[in-house]
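In our numbering, the protein residues as written are 114 to 422.
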Ligand SMILES: [Zn+2]
């Protein structure tokens with residue numbers, strides 16, 4: 114069976130109960146994208162699946178994965194993998210939206226991964242420190258970072274065992290003391306799998322390109338003993354500063370200068386105290402979760418005392 118055919122069969126399996134579509138139809142659509150439009154197969158598959166989801170009026174996480182595979186966290190290297198994982202709940206976070214029942218971090222010996230459990234999936238409550246066998250979870254990707262989604266097809270079985278979770282996340286509490294250059298409104302290379310930040314409109318790999326706007330902050334958190342470099346992606350930057358991508362672009366257009374965005378962000382967040390949780394990536398911590406500890410820019414006697422110890 115060809116690669117395209119295999120993908121078509123898998124997609125067909127996912128929609129066999131909801132849509133009247135043949136494997137040949139699906140293969141034709143994939144073929145057009147891959148051969149005529151030179152779209153990479155994984156992207157073509159995602160696009161075709163999206164089309165059928167629209168036709169079926171379904172959400173992506175309602176899809177059954179066909180057959181899921183036994184895996185470890187370290188095996189996760191693509192979106193839309195359907196997996197069975199045996200993991201321990203390491204941390205639970207406050208959901209940001211009513212549509213999310215639980216969100217947090219799970220892990221096994223090989224590492225940790227963020228998980229999201231949707232409210233509408235109506236699954237049992239997970240407790241911190243407990244090990245579960247999760248059947249049929251689906252992976253997702255956002256800006257190169259992977260997570261797993263527990264969905265309505267997921268099975269959850271509590272196991273009476275413990276796991277020594279591989280530790281690749283850190284938690285830092287401290288004052289945001291600096292925002293480095295390359296923060297605020299930036300442009301990224303649009304080439305597939307590149308996403309490098311452009312310098313004067315140039316990608317170091319692909320030369321002059323028409324970049325895509327993005328938001329990020331490269332910040333420095335001081336926990337009183339040492340400083341940590343932290344990267345906030347677009348979502349985290351918006352949460353931190355209240356400035357979204359559209360607003361940032363408008364600000365830059367009004368001022369004819371992208372730097373105003375970083376300047377405005379500095380005035381909002383510098384000197385405030387945050388708790389940041391996320392994996393380490395080289396010398397950076399990637400901020401998965403942020404909690405504002407104090408809005409006080411004015412000196413707080415307790416914190417100053419703690420910091421001077
Ligand atoms: Zn590039």
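All C-beta atoms in this analysis are idealised placements derived from N, C-alpha and C, irrespective of residue type, glycine included.
Values in this document were obtained by computation on a predicted structure and should not be read as measured data.
Check your understanding: Where does residue 155 fall in DSSP's three states?
Key -> helix
Point to revise | heavy atom of ligand 1 below 6 Å from residue 309 C-beta | key: yes
Point to revise | Same chain, Cβ closer than 7 Å to residue 418, five either side skipped, listed in chain order | key: For residue 418, the pLDDT reaches just 45, beneath the cut-off of 50, and the residue's location in the model is therefore unreliable, although a value from the coordinates is still provided. Within the same chain, residue 418 has no close Cβ partners at all.
Point to revise | Exposed unless 16 or more other CB atoms sit within 10 angstroms - verdict on residue 412 | key: Here the model assigns residue 412 a pLDDT of 47, short of 50, so the residue's position is not dependable and the matter cannot be decided.
Practice item. Quickly, what does DSSP pair residue 341 with across the bridge? List them, please. Key: Under DSSP, the beta-bridge partners assigned to residue 341 are 334.
Review point. In or out: residue 321 buried (at least 16 other Cβ within 10 Å) or exposed?
Key: exposed
**Study point:** CB contact flag (residue 166, residue 250, <7 Å)
**Key:** no
Check your understanding: By the 10 Å Cβ neighbour count, where 16 or more other Cβ atoms means buried, how is residue 313 classified, buried or exposed?
Key -> exposed
Check your understanding: How would you call residue 255, buried or exposed, if buried means at least 16 neighbouring beta carbons within 10 angstroms?
Key -> exposed
Review point. Say the cut is 6 Å; is the CB of residue 325 nearer than that to a heavy atom of ligand 1?
Key: no
Exercise for review: Return the CA-CA distance between residue 223 and residue 303, expressed in angstroms with no decimal places.
Suggested key: 32 Å
Exercise for review: Tell me whether residue 318 counts as near ligand 1, meaning its Cβ is closer than 6 Å to at least one heavy atom of that ligand.
Suggested key: yes
Practice item. Measure the C-alpha to C-alpha separation of residue 360 and residue 270 and round it to an integer number of angstroms. Key: 44 Å
**Study point:** Coarse secondary structure for residue 293, derived from DSSP in three states
**Key:** coil
Point to revise | Cβ shell of residue 155 (< 6 Å), same chain only, five flanking positions each side left out | key: Excluding positions up to five away in sequence, the list is empty.
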